[in-house]
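Q:
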Amino acid sequence: MPDMRFAPPNPLRIADRASGLNAPSVRSYNERLVLSLLLQNEGTTRLEIGEKTGLSAQTVSVIVRSLEQEGLVAKGEAQRGRVGPPTIPMMLNPEGAFSVGVSFGAWSADVVVIDFVGGVRFHKAHAYAELHPTATEAPLQAAIEAAVEVVPAHLRDRIAGIGLAVPDEATIGDDLMRLVGRDLPSAQARIESALGLPVFMQNDITAAASGESLFGVARSLSDFVFFYLGARLHSRLILNHQIYNGKAGASSDVGLSNLADALAELGMTFRPLNEWPDLTGTAKPVYDAWRLRARTRIRSSVEALLDFVRVQSIVLSTYAPLAVAELLRAEIAEMLPGIDVQLGRGMISPKAWGAASLPYHSRFMVQ
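The sequence shown finishes on residue 1177 if you use the working numbering, and the numbering steps up by one all the way, no holes.
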C-alpha cells in the first residue's frame, strides 16, 4: 500500500522568528523563506525582507530577482513621500502558481482552483448523484480534470498540486466511499498517476483552518479559535500558529443540517445546492431559534476555553450566505464582548479552499 502524503497541518510563520542562511547551498530554503514572508504581507520591500529574515542585502536581491524571473513575485507600485528614493514593495504574482482543492461535504463534493494569493478562479459543487462511479468512468478524476482546464494552457505547468480535504474516518459516509473507497492512500495514488500532479491529504476542518490562516483574515493572527459552520459545527484552537484539534467532536444540533431539517418541517427545501428559502416570513421563528442555539454553543465553547487560554479572536468560517453569516457573527460578537469576531475569507467553499492551499506548503513554504 502506498504511503499517504499528508500536507502540513498548519502554515508555518516565519516573519518574526525565522532566520535565513546566507550560504549558496541553501538558497532553496531562503527562497521559501522569502515567499512565506510575502504571502503573509501583501507588500514588503527588499529592505524589510532583509530585516525580517536576517538575510544580507545581496542575498535578498539575488533571491528576489530569481523569483521574479520565475514569475512567482512581482513589483508593486513605488511608494513615494519618504526621504530618499521611492521604495518598491514586492508581492506574490497571483498567476505565479495555481492549485486545485477538493472537499467532501454532506451533500456534494466541491472542487476549486485558487491562484497564488488564494483567489478563487473556479468553483463547482458536484452533487453526489452526479458522481456515482461506473465501471468505465472515474467521476472524481473527471471533475478535477475539468477544473484543471480552467487554468490557461500556457500556465498549467504552474499548477502546484491537488489538495484533498477528507473527513475523519469515523464520519466518512457512503457517498465518499463510493467515490474514492475507504482506502484513501490508494485513491491518492490513482489520482496522482492519472493527472501527473502531486496529491496532498488533510483532515477537512484542519485544512479549512489552515487555509484561513494562510490566505484569510487570520493571516496576521497567531492565536485564535476557529469555528467551521457547515452541516455540523466544528472547532479548532490555534496557538502560536499551531492548529490543535480537541476531543469534543462536532455539534450536529447547531449545524446547517439541523436548520435544513427544521425548515423541511415547514415544507421548505433547503440544501446548499439550491436557493435558500425566505427566512423573514413563516421561517423566521425557526431561523431565530437556530441562530440562538448556534451562538450559545459557540459562546459556551469559548468561555470554557478562556478558563485555560487567553484568546482574543474568533474566526467563523461557513458557506452560508453572507447575510446569514454576518448576522450570526454580529450576534456572537455581542455575546462575547472584548473578543474580535471575524468572518472567514473562504466563504465559497471553505474546506475545498483550504485543501487547495495544501500543495503550496510543500512547494513554496518553509517546512
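Every residue, glycine too, gets a C-beta built ideally from N, C-alpha and C.
Within 10 angstroms of the Cβ of ASP1014, are there 16 or more other Cβ atoms? Answer buried if so, exposed if not.
A: Classification of ASP1014: buried, given that the 10 Å Cβ count is 16 or more.
Q: Between the C-alpha atoms of MET987 and ALA1019, what's the straight-line distance to the nearest angstrom?
A: Their backbone Cα atoms lie some 24 Å apart in a straight line.
Q: May I have a chain-ordered list of the beta strand (DSSP E) segments no shorter than 3 residues that lie completely inside the region 990–1057?
A: Fully enclosed beta strand (DSSP E) runs of 3 or longer: 1009–1013, 1034–1039, 1043–1049, 1052–1054.
Q: Is THR1092 helix, strand or coil by DSSP?
A: coil
Q: Out of GLU858, TRP1100, ASP1088, PHE1080, point me to the one whose CA is closest to LEU1043's CA.
A: Comparing Cα-Cα distances from LEU1043 to each of GLU858, TRP1100, ASP1088, PHE1080, the minimum goes to TRP1100.
Q: Do LEU1168 and GLY973 come within 9 Å of each other at the CB atom, strictly closer than that value?
A: Yes, the Cβ-Cβ distance between GLY973 and LEU1168 is below 9 Å.
Q: LEU1126 bridges to which residues according to DSSP?
A: PHE1037, LEU1153
Q: For a test of the three-state rule: what should DSSP assign to THR854, helix, strand or coil?
A: strand
Q: Can you find the residues in the same chain that come closer than 7 Å, C-beta to C-beta, to ALA1162, ignoring five residues on each side of it along the sequence?
A: GLY911, VAL912, SER913, ASP920, VAL921, VAL922, ALA975
Q: For the putative contact between ARG1107 and VAL1064, defined by C-beta atoms under 8 Å, what is the C-beta separation to the nearest angstrom?
A: Between VAL1064 and ARG1107 the Cβ distance is about 5 Å, and since that is below 8 Å, they are a contact.
Q: Can you name the residues that DSSP bridges to GLY973?
A: GLY911, PHE1010
Q: Considering only the beta carbon of each residue, do GLY1040 and PRO1008 sit closer than 9 Å?
A: no
Q: Taking ALA1004 as the reference, which of ASP1033, PRO949, PRO1095, GLY1056 has the closest Cα?
A: PRO949
Q: Per DSSP, SER918 forms a beta bridge with which residues?
A: Per DSSP, ALA937.
Q: Over what stretch of residues does the alpha helix (DSSP H) that includes ALA1166 continue unbroken?
A: ALA1166 -> alpha helix (DSSP H) spans 1160–1174.
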